[in-house]
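Input: a single structure, listed below in C-alpha cells.
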Amino acid sequence: ERTMTDCTVQMTSCYRYCSSNNKTNLIELPRKDSVGVKCQFTVNLTIDTVMYCMPEQRVQLWADKEKRTCCFCCRASHSTHRQVTPIILFCVSVPPLERLHPKDCAEIYSLGIKENGIYTIQPDLHGPALEAKCDMEAAGGGWTVIQARHDGSVDFNRTWQEYREGFGTLYALTSTGQHQLRIELEDWHHQKREATYNNFKVASEAQRFRLTAREYSGDAGNALSYSKRYNHDGRSFSTSDRDNDRYAGGNCGQYYGAGWWFDACLAANLNGHYYGGRYSGVTNGIYWGTWYILTDGRTGERYSFKQVEMKTRPKLFPGLS
C-alpha cells in the first residue's frame, strides 16, 4: 500500500504535467474491478485543449517506473478553449501484466517438461507468443534453439528488415540476467564439436544487435574471438543492405551473402550458404575457422559444415544445480 505522502508526490507530478502539457491522449483503463483508487483531489487549471473524461477512459499523465501505479488527470466538466476548469487528479494501482507462456525453454524445463520438442514461449512480456525448438538433453538441457542448419531449405541472405523481427526475440531472451551460448557443429564425416560461451547477449536494434560472446570453453575452438582483425565478439550485425562491419573496402554481408556479426570480415560465419561439403570460390559457406582452415592448401577448396545449431539458456540454469 502506498502512503498518502507517496500519493501527494505523485499528485504533484501529475499537477505539473497538467499545467504545462496541452497534448493529451485518451487511453482505456483496465476493468473497474482490477484497479484501485489510491488518492485524489481537485484543482483549478487553465488548459489549452479540452480533456474529455469518459466513464471508461482517462488521460494518462504520469506512471511509476514499473508502470504499476499510474497518475491520471481528468476534466470534471465540459470546458471551452482556455477556460479555467476543475480538474480531478487521482492515482490508481494497475496490476502488472502476466506472462501467458514460459519465457524460454529453461523455464519449460523447470516445470518438469524434459523432452526435446517444439514448445510455445513468450520471451517478451509485451510481445506475442511463438514456437521454439527446445533442447532438453544437451549439457543439462533447457536450451532455446535460436538457429539451426540441417539442410539448405532456409536462405540466410536476408535483409535487415527481415532479420530485425527475429532479433527482437533474441534481444528479449538475453536482455535480462546472464546467458550462455552453445554452438554445436557436425562435419560430413559425422564428427561433432561444440563451443560454449558463458557470457552471451544480443543488444537492441538501436545498438545494431551487437554480439557479446565471451568466456569460451569447448573443443571447436574460439572462432568468435580469433584475432584482432577477425573478432566477432563486440561486433554489430550486418546484412547485404546494412553495412555495420569494420571492413573499409566494402560490405561483408553483401560479399559473403549472409547476415552475420562481421568484423573485417570473418573467422566464423554460421549463416553462410549451405554446401554439401567442399566447394570452391568465395568463402561463403557455413564456416568455423578454428576447426576447418579457410582453404585446403593441397586442393584450394573450402569446407562447409553439414549441421550447426546455436542455442541459449540462462547461465544460472536450475538444471545444473
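Numbering (full-length UniProt numbering), first residue to last: 1 to 321.
No residue lacks a Cβ here, since even glycine has one placed at the ideal position from N, Cα and C.
Treat the numbers as computed from the prediction; the structure is a model and nothing was measured.
Can you list, in chain order, the residues of its chain whose CB lies under 7 Å from that of Asn116, leaving out five sequence neighbours each side?
Cys134, Asp135, Met136 and Glu137
Residues near Arg208 by beta carbon distance below 7 Å, same chain, minus five either side
Ser236, Phe237 and Asn244
Report all residues from its chain with a CB closer than 6 Å to the CB of Ile183; omit the five preceding and five following residues, and keep chain order.
Ala195 and Met310
For the region 164 to 172 against the region 113 to 132, do three or more pairs of beta-carbon atoms, one drawn from each stretch, fall closer than 8 Å, so that the two count as touching?
yes
What three-state label does DSSP hand Gln180 in the structure shown?
strand
Report buried or exposed for Asp155, applying the criterion of at least 16 other Cβ atoms within 10 angstroms of its Cβ.
exposed
Would you report the Cα separation of Asp6 and Phe262, rounded to the nearest angstrom?
Any answer about Asp6 is weak, because its pLDDT of 41 lies below 50 and its placement is not dependable; what the coordinates show is given next. Answer to the nearest angstrom: the Cα atoms are 50 Å apart.
In terms of DSSP beta bridges, what is Gln307 paired with?
Glu186
Gln307 versus Asp151: straight-line alpha-carbon distance, rounded:
7 Å
Start and end residues, beta strand (DSSP E) containing Gln147:
Trp143 to Arg149
Opposite Glu131 in the DSSP bridges: which residues?
Thr120
Own chain residues within Cβ distance below 6 Å of Arg210, not counting five before or after
Ala203 and Ser236
C-alpha distance - Gly141 paired with Gly249, whole-angstrom precision
43 Å
DSSP-derived helix/strand/coil call for Thr169
helix
Do Asn198 and Lys315 have their beta-carbon atoms positioned less than 9 Å apart in this structure?
yes
Under a three-way DSSP split, which group does Arg302 fall into?
strand
Limits of the beta strand (DSSP E) - the one that Tyr256 falls within:
Segment Cys252 to Tyr256 is the alpha helix (DSSP H) holding Tyr256; no beta strand (DSSP E) there.
Between which two residues does the beta strand (DSSP E) containing Ala213 stretch?
Leu211 to Gly218
Who does Gly285 pair with in a DSSP beta bridge?
His273
Anticipated Cβ contact below 8 Å, residue 347 with Tyr256, distance rounded
Given that the chain is displayed from residue 1 to residue 321, the structure contains no residue 347 and the question cannot be resolved.
Taking the DSSP output, what are the residues bridged to Tyr197?
Leu181 and Tyr216
C-beta contact flag for Ala267 and Tyr303 at 9 Å
no
Where do the N-terminal and C-terminal ends of the alpha helix (DSSP H) with Cys105 fall, by residue?
Cys105 to Ser110
Cβ-Cβ distance between Trp291 and Arg214 below 9 Å
no
For Tyr279, write down the residues that DSSP places opposite it in a beta bridge.
Arg302
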